[in-house]
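Presented below is the structure to which this report refers.
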Amino acid sequence: MPPQRNIRLIIVFILILFVYGLIAGRAFQLQFFADRKIVNLAERQYQRMIKLKPKRGAVYDRNGNELALSLDIPSVYARPRLVKAPFQTADKLSRMLNMPRDQILAKLKSKNSFVWLTRQVDPGKAEIVSNIKMRGIGIVNEGRRIYPHGSLASHILGFAGVDGRGLEGVERKYDEILRGEEHSVMSDFDALGRPISAAPLLRGAYTSAHFLYLTINKSIQYFVERELGNAVEESGADAGSAVVMVPRTGEILALANYPSYDPNVFRRSSLLERRNRAVTDMFEPGSTMKVFVAAIALEEKVATPRTRYDCENGEFKIGGRVIREAQGHRWKNLTLADIIKVSSNIGAAKTALQMGKGKLYQGLRSFGFGVPTGIDLPGEAVGLTQPREKWTPLTLSTVAFGQGISVTAIQLVTALSAIANGGKLMRPFIVRQEVDYRGVSVREFTPQAVSQVVSPETAAQVREMMVRVTDPDGTGSLAVIEGMRVAGKTGTAQKPDVMTGGYHPDQYVASFFGFAPADDPKLAVLVVMDNAKGSYFGGTVAAPLFRKIVTHALNAEGIRVTAKQQAPRKSVEVRSLRAVEVPFIRRVGDRYMIPSLRGLTMREVAELFNEVPVKVRFRGSGVVRDQNPPAESMVSAGATCVITFAQPDSESGI
Numbered sequence: 000m001p002p003q004r005n006i007r008l009i010i011v012f013i014l015i016l017f018v019y020g021l022i023a024g025r026a027f028q029l030q031f032f033a034d035r036k037i038v039n040l041a042e043r044q045y046q047r048m049i050k051l052k053p054k055r056g057a058v059y060d061r062n063g064n065e066l067a068l069s070l071d072i073p074s075v076y077a078r079p080r081l082v083k084a085p086f087q088t089a090d091k092l093s094r095m096l097n098m099p100r101d102q103i104l105a106k107l108k109s110k111n112s113f114v115w116l117t118r119q120v121d122p123g124k125a126e127i128v129s130n131i132k133m134r135g136i137g138i139v140n141e142g143r144r145i146y147p148h149g150s151l152a153s154h155i156l157g158f159a160g161v162d163g164r165g166l167e168g169v170e171r172k173y174d175e176i177l178r179g180e181e182h183s184v185m186s187d188f189d190a191l192g193r194p195i196s197a198a199p200l201l202r203g204a205y206t207s208a209h210f211l212y213l214t215i216n217k218s219i220q221y222f223v224e225r226e227l228g229n230a231v232e233e234s235g236a237d238a239g240s241a242v243v244m245v246p247r248t249g250e251i252l253a254l255a256n257y258p259s260y261d262p263n264v265f266r267r268s269s270l271l272e273r274r275n276r277a278v279t280d281m282f283e284p285g286s287t288m289k290v291f292v293a294a295i296a297l298e299e300k301v302a303t304p305r306t307r308y309d310c311e312n313g314e315f316k317i318g319g320r321v322i323r324e325a326q327g328h329r330w331k332n333l334t335l336a337d338i339i340k341v342s343s344n345i346g347a348a349k350t351a352l353q354m355g356k357g358k359l360y361q362g363l364r365s366f367g368f369g370v371p372t373g374i375d376l377p378g379e380a381v382g383l384t385q386p387r388e389k390w391t392p393l394t395l396s397t398v399a400f401g402q403g404i405s406v407t408a409i410q411l412v413t414a415l416s417a418i419a420n421g422g423k424l425m426r427p428f429i430v431r432q433e434v435d436y437r438g439v440s441v442r443e444f445t446p447q448a449v450s451q452v453v454s455p456e457t458a459a460q461v462r463e464m465m466v467r468v469t470d471p472d473g474t475g476s477l478a479v480i481e482g483m484r485v486a487g488k489t490g491t492a493q494k495p496d497v498m499t500g501g502y503h504p505d506q507y508v509a510s511f512f513g514f515a516p517a518d519d520p521k522l523a524v525l526v527v528m529d530n531a532k533g534s535y536f537g538g539t540v541a542a543p544l545f546r547k548i549v550t551h552a553l554n555a556e557g558i559r560v561t562a563k564q565q566a567p568r569k570s571v572e573v574r575s576l577r578a579v580e581v582p583f584i585r586r587v588g589d590r591y592m593i594p595s596l597r598g599l600t601m602r603e604v605a606e607l608f609n610e611v612p613v614k615v616r617f618r619g620s621g622v623v624r625d626q627n628p629p630a631e632s633m634v635s636a637g638a639t640c641v642i643t644f645a646q647p648d649s650e651s652g653i
């Protein structure tokens, strides 16, 4: 071989050795002495730290029944930098996910390294996406909040959004406990951007979130919601609320509002339906306030149950106004116990005037009016009481029967519980226990006494007064439970007209609250009906629902009660203390003599004409002020009588 050719081969060989030496050296350097920047660059291409949220903690009732839980639902994400054909990918995903192509394309062109395409998608759609194996597109499981009983306890539970954060109710109040802490997981991805070590992503079962047990009894809650809805629909009311509390502890066994909503699809509901009226809405309580006026008077030694008051024969002038009794009652002389039984406005006003504004104002504040109860639900209203300095004698008088003061349902039932339990004002609460994923108790929510409002002796005296309300001649007779002493009080208040500063002539809030058994109260129950049509008195609209709720709740709590269905009484108004007795229509041959109906209620007139073949037409509302034909007229079968009703003075109400 010529020497020149040998030299060229040697040079080529040396060059090859040199190149391979450089490659080997570089490989050795990268393997053992690589710059950290280069390592990080490689890791960013094939590894990524992903933040995963733990599955949201479940919520149970007091007996361990699931009220809210989380299920693993797939979500579709993208890593835009790895998507090489965004237009074609967007076309495919648009068909698979039934989403707008432009919306997907905008996300695929994002400068972010990670974007959600759609969250909590149908598992079938997610499986199709997973099978196609598109570069830069992946699936990860997330916890989706499920409410297995639909609308049950919706105003208590609230709901959580798609990002796992609580937005209303217990979900919002205890969001940090239920949500837990996020966990960061390093995951390896292949060249198409799919997770290789996907087990942590698919499992999603991190256990930092805790569970909650509520004070709610699912059975009682369901019954209250169902019967409240029925009562609102039957009465034509705009809305209603009901609360069941354990007086001794402040635990809420049921809290319901109607209308309601399904938290699984909360976006389909209105703000009106989602509003927790029992906690957020204020209303004038009407004559239920008389219970607390009596309690304060007894505690301050201003009166005894036998103290008598001149009720002015139905009309009491004060501050340029005339206070009248509801439905035309004309009582003359009543004891404090009688005032509660028959719900005398004038008697309550005179009791308050005897005490003075200082004692009454401070007493009502002690019962929790104008002060938040501290219930562990968001959005609680504090109610409204005018500053004591602004109270006039007229203010003092009207507040005594529940006008000129606003309360919430939760305030009212909490104050009532203080009468039931011997005078202790308890903080109402919804959450009973917090536990971790192993079922180990982390925290117990125990009863908290706020103050001793009245003495046990005073509370016992007021309880006895309230028992008389459910006597056959009391205003709350429709709340009676056979074989059991029940304590209660009716309330009916005209709704304020915020536009005029007065009161609507034909809009009322009817209520009834009480507890049972009266001698050893286990339950305190409040029913509120907003603007019922037709009969709108607390004794006729709210008291029957109270009876149903108490009967079911006592049975659910293991206290056996059998309440026979009672036929409506001829009237729930007091007869023994009434100046105007309910007359009867006398038949004379084939004709009927129509008596004087003045002072009767619409319900009484309807019942009266129910028994004869004479038609009746109503005009107005309130109590009878005029009738045509006039009293003592003889009419034939099929004739029509026109009855005109008028409202009592605005300071009236039972």
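Residues in the sequence shown are numbered from 0 upward in steps of one, following numbering that gives the first Met the number 0. Glycine residues also receive a C-beta, built at the ideal position from the N, C-alpha and C atoms.
Linking G482 to D589 through their CA atoms gives a straight-line distance of about 44 Å. The Cβ atoms of F511 and F545 lie closer than 8 Å to each other. Under the criterion of beta carbons closer than 8 Å, Y212 and Q460 do not qualify as touching, at roughly 37 Å.
Three or more Cβ pairs drawn from the stretch 461-480 and the stretch 533-543 lie within less than 8 Å of each other, which places the two stretches in contact.
Per DSSP, L107 is not a residue of any beta strand (DSSP E); the alpha helix (DSSP H) it occupies stretches across R100 to L107.
Secondary structure note for Y360: it is in no beta strand (DSSP E), and the uninterrupted alpha helix (DSSP H) holding it is K356 to S365. With a beta-carbon spacing of about 11 Å, F366 and T384 fall beyond the 8 Å limit used to define contacts. With 16 or more other CB atoms across the displayed protein chains lying within 10 angstroms of its CB, E170 is buried.
From the listed residues N111, D101 and R55, the smallest Cα separation to R78 is found for N111. Taking 8 Å as the upper bound for CB-CB distance, A645 and N216 are not in contact here, some 45 Å apart.
Contact between L96 and K124 holds, with the beta-carbon distance rounding to 6 Å and staying under 8 Å.
Using a Cβ distance threshold of 8 Å, G487 and S286 do not count as a contacting pair. When C-alpha distances from L363 are compared across E299, G239 and R225, the shortest belongs to E299. At a Cβ-Cβ threshold of 8 Å, R144 and F158 count as neighbours.
From the listed residues V468, V242, A294 and I176, the smallest Cα separation to E456 is found for A294. The Cβ-Cβ distance between M528 and G239 falls below 8 Å.
Under the DSSP definition of a beta bridge, L177 lacks any partner. Rounded to whole angstroms, the separation of the alpha carbons of V128 and Q119 is 14 Å. When secondary structure is reduced to three states using DSSP, H328 falls in the coil class, being assigned neither helix nor strand.
The residue among Y360, L166, I219 and L104 with its C-alpha nearest the C-alpha of P377 is L166.
Ranked by how close their Cα comes to the Cα of W330, the residues R467, V341, Q353 and G318 have V341 in first place.
8 Å or more divides the Cβ of N256 from the Cβ of H148.
Across the set L525, F608, A517 and I642, the C-alpha of F608 shows the shortest separation from the C-alpha of R586. Inter-residue distance for M281 and V524 is about 18 Å (C-alpha atoms, whole angstroms). Counting of Cβ neighbours within 10 angstroms places F17 among the exposed residues, the total staying below 16. Residue state for Y436 is assigned as coil, using DSSP reduced to three classes.
In this structure the stretch 427-447 does not lie against the stretch 265-277, because fewer than three pairs of beta carbons, one per stretch, are closer than 8 Å. Between the C-alpha atoms of E314 and R323 there is a straight-line separation of about 5 Å. Under the three-state reduction of DSSP, P504 is assigned to strand. DSSP places R80 outside any beta strand (DSSP E), giving it a letter other than H or E.
Beta bridge pairing from DSSP links G142 with D71.
Per DSSP, the continuous beta strand (DSSP E) segment holding I593 begins and ends at R590 to I593. From the listed residues C640, R307 and D337, the smallest Cα separation to D472 is found for D337. Setting aside the 5 residues that flank it on each side, K349 is surrounded in the same chain by Y308, each with a C-beta closer than 7 Å to its C-beta; the list follows chain order.
With the rule of 3 Cβ pairs closer than 8 Å, the stretch 379-399 does not count as touching the stretch 488-507.
No Cβ-Cβ contact shorter than 8 Å links V290 with A351.
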